[in-house]
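Residue numbers (the numbering used here), protein chains in the order written: chain A, -5 to 458; chain B, 1431 to 1827.
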């Protein structure tokens, strides 16, 4: 349904021109607006709006500047982003703007007054993407193939509307490519020394500082953060430790232990294009557990650690660091009224077996801990407190940096990508959805700030 | 103790359109360190092209090509894009080469590297390197081969519903069909048709206005083109065609035209091809032009005498108000989209005789490159004004 945004005077001015016969004048402005729109399209006086995005080919963590020009003045428009995930799902975002007196909009400086986000959000169309109406439940956007970009179509629509509404007039469009990998970055599959991983090397001779990149219990092998690190000049090895067909044992159990991570760290040290004295470790979610194990085990000397929303210990590990099945102990699971599960209480420090907690005070390198305060999967704040206190007692407060983000959830990932508040955890014996937490706008702000701080931390401790 | 950390070289953006600037930054050098920044590109013809500049890092160990001065190499001074426009074939290459992208669907890959020292930098392995992609075509632009009503060429359509303003794009001789300017114009929002009109079959036949008028109407009638927002852009011989079409056609009325390196004076015994009737037996009368016209010329154009004649025609024509002129001292004949290398003379095959010569285009690299950068911006601005902006309302509403 159209909302009329033209002044009555303007409408009457148009009516006074020749096409009067095409318009029957009623009290209803919406009907009038529609008729006048048709008039405009028939005449030889054509508006040709132009929508631009700069750069049209960008890395995921680069800002894209979107502008619309040659539109009518003080005119309502909707900017809409659409893309297909690798699984074929349609993701969309949209926002409502009004053109200025020159008939332009500029998403870097203008304010959205409605839609997927409000306010001045230059990258809102990307972080506010959601599965389109009618999609399957519990989707999460993760790129498997980092050698191709996401193709995001940005379009400019007439009036304040939404993608799901029927009649929309598209005024202009532009296609953007969003890449996890810069040109020249090399992707190398690693299946040696029993390691299952992918190594990314920046272009050039090196040697490069490096990161060991560890993800969570969902498992598999996620490459996109490592691809971005390599695009920023750091070699990066992402390793799978559960849920991967090339790993030994059943996929739902972590069958590898400390020696596995030691091999991965060693691989980086031994690589001719990696600076063996400048290797850091980053862990997200359960990945924090091996991260801390590496840092507190003799023989390893990472240069820095980054821990995102993870715990100091785990009730699922035996003495050798191998895990038992996660589902075997559900006493701390909490369910909301939709039957979605929050694992948060599993990792409350008091619920963790004391023998599984790492001696964090033995850490000799800088540690950055990132907390999403709305994390519903891990008790991040409480675990951060434990780590901070342990280091403080050991006189090592100067090694500790905490970043804490209100409204952010568990999955703090590279910026300008959507927040999943919940997603499908497993399908057998029946479907179970898990809660990650986080609300789109604060989560997006957290991802943007955290990424910048992560890269600065890596520059400081791996490069200087 | 640990070894020194190598410097970091970054090129931002790493993927860009060819008319966009990039920032080349080197960090983590020792302070006051002499280094050479070098670019290297392998062309589609498998020739290697390079450029380099000599720099010294500041107290923070940083070299910024956008901010700092080059003290030698292929360019000097503050030249953010010097690593591209000053490129030459590497020593030992064939003579008379010209760098032109034929396949516009793939990017030009440029390797940028930083080497220690100034003299003899090539003997040392680079300290760091990065790869930049330079594209003629934005994502979503469609490329369509046209063979319709006897007219041949390649059409480029921007993404989106349209309809769009459009351009008929014509090059000059000696090059075959060049698509890259049209691809770039489509990436800037114009439907653009690069017209093929210099094949031998065209020359032997009666190539009258008809061929070009048909081409213009194919564009005009395209469902994604705004019929009264079609302009013509021509360079060299193509600009002559543009000029004559605009002045003498009774069928087509371009909204504006851009003529790059045109010649409005016909010496007797013209070198233009027999049978090419469009360019013979006409008086070059500027008064016949009825739309805004932009003339772009290099004052050091060695190919045709151009600048001297325009001034006269301006006065005689009485159409000064339609005319805008850009004349660039030190620039040659081949004024192309910016940041591409300059060619003072290149190989050329004379169309009728098939004779291979080295043709002198003129221009000196630095002023020619400045002319390319400045003229492209002004051409786009001129096109936007006449093809995108709403004119003062005389519409029939």
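Every residue gets a Cβ at the ideal spot worked out from N, C-alpha and C, and that includes glycine.
- Check the Cα spacing between residue 1472(B) and each of 1455(B), 1562(B) and 1578(B): the tightest is with 1562(B).
- Along the length of the region 59 to 98 of chain A, whole beta strand (DSSP E) runs at least 3 residues long occupy 59 to 63, 70 to 78 and 84 to 92, reported in chain order.
- Under the rule that a run must span 3 or more residues, the beta strand (DSSP E) segments found entirely inside the region 348 to 408 of chain A read 361 to 366 and 394 to 399.
- The three-state reading of DSSP puts residue 123(A) in coil, since its state is none of H, G, I, E or B.
- Contacts between residue 44(A) and chain B, judged by CB atoms closer than 7 Å, involve 1619 and 1818 in chain order.
- Counting along the chain, the unbroken beta strand (DSSP E) around residue 1469(B) starts and ends at 1464 to 1472.
- Relative to the Cα of residue 50(A), the nearest Cα in the group 1530(B), 1460(B), 1566(B) and 1486(B) belongs to 1566(B).
- Beta-bridge pairing by DSSP links residue 191(A) to 184(A) and 233(A).
- Under the three-state reduction of DSSP output, residue 1515(B) falls in the helix class.
- Taking 9 Å as the threshold, the shortest C-beta distance from residue 360(A) to chain B does not fall below it.
- Listed along chain B, no residue sits closer than 8 Å to residue 204(A) by beta-carbon distance, the nearest being about 12 Å off.
- Nearest CB-CB separation between residue 1559(B) and chain A: below the 9 Å threshold.
- Its Cα nearest to that of residue 1777(B), the residue 1524(B) stands out among 1513(B), 1500(B), 1560(B) and 1524(B).
- If you compare the alpha carbons of 297(A), 189(A), 129(A) and 412(A) with that of residue 439(A), the shortest gap goes to 412(A).
- Only 1588, 1589, 1590, 1591, 1592, 1593, 1594 and 1595 from the region 1577 to 1609 of chain B bring a Cβ to less than 9 Å from some Cβ of chain A.
- Residue burial is scored here from C-beta neighbours: residue 319(A) has fewer than 16 other C-beta atoms within 10 angstroms and is therefore classed as exposed.
- Shown here, residue 1672(B) sits in a helix according to DSSP, grouped into three states.
- With a threshold of 9 Å between beta carbons, residue 181(A) makes no contact with chain B.
- For residue 169(A), the pairing in a beta bridge is given by DSSP as 147(A).
- Shown here is that no member of the region 405 to 432 of chain A has a Cβ falling below 7 Å from a Cβ of chain B.
- Distance between residue 99(A) and residue 1629(B), taken at the CA atoms: about 45 Å.
- The C-beta distance from residue 1587(B) to residue 1621(B) rounds to 5 Å, short enough to fall under 8 Å.
- In the DSSP assignment, residue 1507(B) forms a beta bridge with 1500(B).
- Residue 1813(B): member of the alpha helix (DSSP H) spanning 1795 to 1813, first to last residue.
- When the alpha-carbon of residue 327(A) is set against those of 429(A), 381(A), 45(A) and 395(A), the nearest one is in 429(A).
- Beta-bridge analysis with DSSP links residue 1457(B) to 1438(B).
- Excluding residues up to 5 positions away in sequence, 1650 lie with their Cβ nearer than 6 Å to the Cβ of residue 1657(B) in the same chain.
- Distance from residue 399(A) to residue 360(A) at the Cβ level is roughly 20 Å; contact not present, criterion being Cβ atoms closer than 8 Å.
- Under the DSSP assignment, residue 1582(B) falls in the beta strand (DSSP E) whose first and last residues are 1581 to 1587.
- In the structure shown, the three-state DSSP call for residue 416(A) is strand.
- Listed in chain order, the non-local C-beta contacts of residue 200(A) below 6 Å within the same chain comprise 267, local neighbours out to five positions each way being set aside.
- Proximity of the region 388 to 399 of chain A to the region 342 to 352 of chain A falls short of the contact definition, fewer than three beta-carbon pairs being nearer than 8 Å.
- Boundaries cannot be given for residue 1571(B), as no beta strand (DSSP E) includes it and DSSP labels it neither H nor E.
- Chain A places no beta carbon closer than 9 Å to that of residue 1466(B), leaving this residue out of the contacts.
- Residue 1577(B) has 1582(B) as its beta-bridge partners, per DSSP.
- Residue 1722(B) places its beta carbon less than 9 Å from that of residue 1687(B).
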